[in-house]
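Engineer: Chains as they are written, first to last, in the numbering used here: chain Y, 1 to 369; chain H, 370 to 573.
For every residue, glycine included, the Cβ atom is placed at its ideal position computed from N, Cα and C.
Below is a structure I'd like to ask you about.
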Amino acid sequence: MAGNSLLNSNKKRYPGKIILLGFFLFLILPGCSAPPLPMEVGQAESLSHNLWKARVPLYAPEEYKAYEADLRRIKDDLIKEKTRFIWFRDYQSVAARLQSLLKYGEGILTRVEGLKESKRTEITGQLTELESRIRDLDRLSQTINEGRLVRRSLMKAGMTVHEAGLFLGNGDFDQADSRLRTASGYIKETEDGLFPILNRYSNTTVIARWRQWANEAVAESRENGGIAIVVSKMDRSMTLYKAGKPYKRYGVGLGRNGFQDKLHGGDGATPEGRYRIIRKLDRSKYYKALLLNYPNDEDKREFIRLKKKGIIPGRASIGGLIEIHGSGKDGMTYGCVSLDNEDMDEVFRIAAPGTPVAIVGATNHKAMF
Amino acid sequence: MKGLIRCCAYGLVLMLIVTGCAKQPTQEMGDAQKAIGDAKAAGSEKYLPEDTKKAGDSLSAALDEIKTQDSKFALLRNYGKAKEMLAQVKAEAERVQTDTAAKKEEAKKNALAGQGAAKAAIDEARGLLERAPKGKGTKADIEAMKGDVKGLEDSLPELQQMIGKEDYLMAIDKATAIKEKADGVSGQIKAALEKVKAKKGGRK
């Protein structure tokens, strides 16, 4: 009671001073007790930046939009809260919402990192597979001397895969993926050029016929204790048999289109069939040569049949002068089988007119594929 | 005493009038936004993505500050801090634009250099092929490598297209890929030539 009466008396005595003091207190006091902004604000902004850096807008656009929209709403509410009279400011609700948003954002980040990792693994796998296919096609194209049609697209495939590797290294999976799709197109182009030539090499009926020719030649060698020669195009090899047993194997070169069966003169293909050496030429344009009896009766019948069908041009001749000769195994012949000169010396010495020679595509269908 | 109260009241009224006149810094906002837009138009998102994002974030922060002031009682608004922030955004965006131009120029230079190096590598491979001995022993290899060189040549117009579209970063990668492949072909040709040389030497 005594205090009240003193205050009342003061009010009466110094009304102006009390108003002035109250006004200054009004201005000063709130400034001393402003509640700090929740630390989650900075964390949410930092997470927003991390999400952007992790390319979340690309991998999870909807979630990123939702995160950003929610952050925007919370920030707007924070602004409203900040403008309230200082004693009424309460950031607890905003902080709670930010904590929940942070959890959501971290979840997105984890999911996107996982997504990226699986994308990286997937693209790396695709890249490795395409590189392996390119290597196989490169080997195949070299084996069958197919440089004209397919090497161009094969090189483009190789280059595009190389680019994909660069993008993958930079973490740009979309560009890497796009490059791999382009590379697949070039690989398909290459395969389309190669497979018509190679199809015969996976045909079991054709392989069985080739195997029969090889077996017949070897059987003859076994029966008469003599020599037989089997040329396998797929292996690019020539095996010399003595008394039915493999004696020596040589690497060989084939015709320009050596992996195809010879149909007519000038086609650059190496004939397939059962032949015999008909003459030994110790002076040849290609070092030494063993002349074969191409075309044999079967070749002639086939030539007439295909000509009638129009598969062989009307003016084409059947060709001839197919030899096993020297001057190097790594070249392209006009259809002959070529050996290194040292090997030719050896074969020339052993072989004789009448020696059976089987020229086949392959004896094992798994040789190439 | 009355004089003192009157003095305070005048002071308060004057303060309220001065601060009450505060208006949104629309000019500064426009300038900052334009500066960011100009930087983006110059390609900053491609060449300096981090800096562009930061400038954008700073602009958002400045706009938030404006919103904060907007929400206050009209007579208590103060856009001083917002103006300062906007000035910083503008300066930052202008720096990004300048740096982008420099980066782009550097990328252009590198792309053109890469293109030159790729062309030179292809020319070297082609030249080696032309000089390669065309005997029976190398005919197949030469033909295969000619196909390889054709494939490399086919990629040059694509590279030129990228440079034409100012897609310099992609062009650099493409040029690198072409050069590496061309060097590979040259390496193979050189190895083949060495093999031929060695063979000839052996026979002598």
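For Ile541 of chain H, collect the residues of the same chain with a Cβ closer than 8 Å to its Cβ; drop the 5 residues on either side in sequence, then sort them by chain order.
Structural biologist: Counting from 1 along the second sequence, the entry for residue 541 of chain H is found at position 172. Here the set comprises Ala476, Asn479, Ala480, Gly483.
Engineer: Starting from Lys423 of chain H and walking both ways along the alpha helix (DSSP H), at which residues does that stretch end?
Structural biologist: The residue labelled residue 423 of chain H in the question sits at position 54 within the second sequence. That run of the alpha helix (DSSP H) goes 418 to 440.
Engineer: Rounding to the nearest angstrom, what Cα-Cα distance links Glu563 of chain H and Ala362 of chain Y in this structure?
Structural biologist: Counting from one through the second sequence, the residue named residue 563 of chain H turns up at place 194. Counting from one through the first sequence, the residue named residue 362 of chain Y turns up at place 362. About 32 Å.
Engineer: For Val94 of chain Y, which residues in the same chain have their Cβ closer than 7 Å to its Cβ, ignoring the five residues on either side in sequence?
Structural biologist: The residue you call residue 94 of chain Y lines up with position 94 of the first sequence. Answer for Val94 of chain Y: Pro38, Ile74, Asp77, Leu78, Glu81, listed in chain order.
Engineer: Rounding to the nearest angstrom, what Cα-Cα distance links Lys505 of chain H and Lys53 of chain Y in this structure?
Structural biologist: Stepping through the second sequence from its first residue, residue 505 of chain H is reached at position 136. Stepping through the first sequence from its first residue, residue 53 of chain Y is reached at position 53. Interpretation of Lys505 of chain H is limited by its pLDDT of 48, a score under 50 that renders its predicted location unreliable; no figure is taken from the coordinates.
Engineer: If you measure from the beta carbon of Leu102 of chain Y to each beta carbon in chain H, is any gap under 9 Å?
Structural biologist: Numbered from 1 along the first sequence, position 102 holds the residue referred to as residue 102 of chain Y. Chain H contact via Cβ: absent.
Engineer: Identify, in the order they occur along the chain, each residue of the same chain with its Cβ nearer than 6 Å to the Cβ of Tyr537 of chain H, setting aside the five sequence neighbours on each side.
Structural biologist: In the second sequence, the residue the question calls residue 537 of chain H occupies position 168. Taken in chain order, the residues that qualify are Ala476, Lys477, Ala480.
Engineer: Identify every residue that forms a DSSP beta bridge with Ile249 of chain Y.
Structural biologist: Indexing the first sequence from 1 puts residue 249 of chain Y at position 249. Before going on, a small fix: residue 249 of chain Y reads as Arg here, not Ile. Answer by DSSP bridge pairing, in chain order: Y:Thr239.
Engineer: Could you tell me whether the segment 180 to 200 of chain Y touches the segment 216 to 233 of chain Y, using the rule of 3 or more Cβ pairs below 8 Å?
Structural biologist: no
Engineer: Using a Cβ-Cβ distance under 9 Å, would Gly485 of chain H count as near chain Y?
Structural biologist: What you label residue 485 of chain H is simply residue 116 of the second sequence in a count that begins at 1. False, the Cβ-Cβ gap to chain Y never drops below 9 Å.
Engineer: Are any of the Cβ atoms in chain Y nearer than 9 Å to that of Lys505 of chain H?
Structural biologist: Taking the second sequence and counting its residues from 1, the one referred to as residue 505 of chain H is at position 136. Confidence at Lys505 of chain H is low in this model, with a pLDDT of 48, below 50, so the placement of that residue is unreliable and no value is reported for it.
Engineer: With the cut-off set at 9 Å, would you say Pro353 of chain Y and Tyr275 of chain Y are in Cβ contact?
Structural biologist: Translated into positions along the first sequence, residue 353 of chain Y becomes position 353. Translated into positions along the first sequence, residue 275 of chain Y becomes position 275. No, the pair does not count as a contact, with Cβ atoms beyond the cut-off.
Engineer: How would you write the range of the beta strand (DSSP E) that Ile280 of chain Y sits in, first residue to last?
Structural biologist: Start at 1 with the first residue of the first sequence, and residue 280 of chain Y comes out as number 280. Note on residue identity: the sequence assigns Lys, not Ile, to residue 280 of chain Y. Where Lys280 of chain Y is concerned, the enclosing beta strand (DSSP E) stretches over 273 to 284.
Engineer: Between the Cα of Lys119 of chain Y and those of Y:Leu58, Y:Phe303, Y:Leu98, spot the shortest distance and give me the residue it belongs to.
Structural biologist: On the first sequence, position 119 is the one that residue 119 of chain Y refers to. The residue with the shortest Cα to Cα distance from Lys119 of chain Y is Y:Leu58.
Engineer: Would you check if there are 3 or more beta carbon pairs closer than 8 Å linking the segment 314 to 330 of chain Y to the segment 174 to 189 of chain Y?
Structural biologist: no
Engineer: Inspect the beta-carbon positions of Ala269 of chain Y and Leu281 of chain Y and report whether they are closer than 9 Å.
Structural biologist: On the first sequence, residue 269 of chain Y is found 269 positions in, with the first residue counted as 1. On the first sequence, residue 281 of chain Y is found 281 positions in, with the first residue counted as 1. No. Outside cutoff.
Engineer: So Gly244 of chain Y and Arg211 of chain Y are in contact, right, with Cβ under 8 Å, and what is the actual spacing, rounded?
Structural biologist: Taking the first residue of the first sequence as 1, we reach residue 244 of chain Y at position 244. Taking the first residue of the first sequence as 1, we reach residue 211 of chain Y at position 211. Gly244 of chain Y to Arg211 of chain Y, Cβ: 15 Å. No contact.
Engineer: Does DSSP classify Gly225 of chain Y as helix, strand or coil?
Structural biologist: For the purposes of this step, residue 225 of chain Y is taken as the residue at position 225 of the first sequence. Three-state DSSP puts Gly225 of chain Y in coil, outside helix and strand.
Engineer: Apply the 10 Å Cβ neighbour rule to Gln126 of chain Y and answer buried if 16 or more other Cβ atoms are within range, or exposed otherwise.
Structural biologist: The sequence position of residue 126 of chain Y within the first sequence is 126, counting from 1. Its Cβ being crowded by 16 or more others within 10 Å, Gln126 of chain Y is buried.
Engineer: Assign Phe259 of chain Y to buried or exposed, taking buried as 16 or more other Cβ atoms, counted over all protein chains shown, within 10 Å of its Cβ.
Structural biologist: As a position in the first sequence, residue 259 of chain Y is number 259, starting the count at 1. Residue burial is scored here from C-beta neighbours: Phe259 of chain Y has at least 16 other C-beta atoms within 10 angstroms and is therefore classed as buried.
Engineer: Determine, using beta carbons only, whether Val518 of chain H comes closer than 9 Å to chain Y.
Structural biologist: Numbered from its first residue, the second sequence carries residue 518 of chain H at position 149. By this cut-off, Val518 of chain H is an interface position.
Engineer: Could you tell me the alpha carbon to alpha carbon distance between Gly412 of chain H and Ala490 of chain H, rounded to whole angstroms?
Structural biologist: On the second sequence, residue 412 of chain H is found 43 positions in, with the first residue counted as 1. On the second sequence, residue 490 of chain H is found 121 positions in, with the first residue counted as 1. Cα to Cα, the separation comes out at about 31 Å.
Engineer: Between the C-alpha atoms of Lys316 of chain Y and His264 of chain Y, what's the straight-line distance to the nearest angstrom?
Structural biologist: Here residue 316 of chain Y refers to the residue found at position 316 of the first sequence. Here residue 264 of chain Y refers to the residue found at position 264 of the first sequence. Sequence inspection shows Ala at residue 316 of chain Y; the Lys mentioned does not correspond to that position. Their backbone Cα atoms lie some 6 Å apart in a straight line.
Engineer: Where does the unbroken beta strand (DSSP E) through His264 of chain Y begin, and where does it stop?
Structural biologist: Translated into positions along the first sequence, residue 264 of chain Y becomes position 264. Element bounds for His264 of chain Y: n/a, residue is neither H nor E.
Engineer: Could you tell me the distance, in whole angstroms, from the CA atom of Tyr241 of chain Y to the CA atom of Lys329 of chain Y?
Structural biologist: As a first step, residue 241 of chain Y must be located in the first sequence, where it is residue number 241. As a first step, residue 329 of chain Y must be located in the first sequence, where it is residue number 329. Computed Cα separation, rounded: 20 Å.
Engineer: I'd like to confirm the pairing. Which residues does DSSP put opposite Thr333 of chain Y in its beta bridges?
Structural biologist: Here residue 333 of chain Y refers to the residue found at position 333 when the first sequence is read from its first residue. Paired residues: Y:Gly255.
Engineer: For Gly335 of chain Y, count neighbouring C-beta atoms within 10 Å of its own C-beta (all shown protein chains included) and say buried if the count is 16 or more, exposed if not.
Structural biologist: Your numbering for residue 335 of chain Y matches position 335 in the first sequence. Classification for Gly335 of chain Y: buried.
Engineer: Does the Cβ of Ala34 of chain Y have 16 or more other Cβ atoms within 10 Å, making it buried, or fewer, making it exposed?
Structural biologist: As a working mapping, residue 34 of chain Y is identified with position 34 in the first sequence. With fewer than 16 other Cβ atoms within 10 Å, it is exposed.
Engineer: With a threshold of 16 other CB atoms inside 10 Å of the CB of Lys248 of chain Y, please say whether the residue is buried or exposed.
Structural biologist: As a first step, residue 248 of chain Y must be located in the first sequence, where it is residue number 248. Per the 10 Å Cβ criterion, exposed.
Engineer: Confirm, please, whether the CB-CB distance from Glu535 of chain H to Lys473 of chain H is below 9 Å.
Structural biologist: Taking the second sequence and counting its residues from 1, the one referred to as residue 473 of chain H is at position 104. Taking the second sequence and counting its residues from 1, the one referred to as residue 535 of chain H is at position 166. Yes, they are a contact pair.
Engineer: Would you please state the rounded distance, in angstroms, between the beta carbons of Ala551 of chain H and Ala494 of chain H? I believe it to be under 8 Å.
Structural biologist: Residue numbering aside, residue 551 of chain H sits at position 182 when the second sequence is read from its first letter. Residue numbering aside, residue 494 of chain H sits at position 125 when the second sequence is read from its first letter. Yes, they are in contact, since the Cβ atoms of Ala551 of chain H and Ala494 of chain H sit about 5 Å apart, within 8 Å.
Engineer: Can you name the residues that DSSP bridges to Ile359 of chain Y?
Structural biologist: Sequence index remark: in the first sequence, residue 359 of chain Y carries index 359 (1-based). Looking at the DSSP assignment, Ile359 of chain Y forms a beta bridge with Y:Val231, Y:Gly273.
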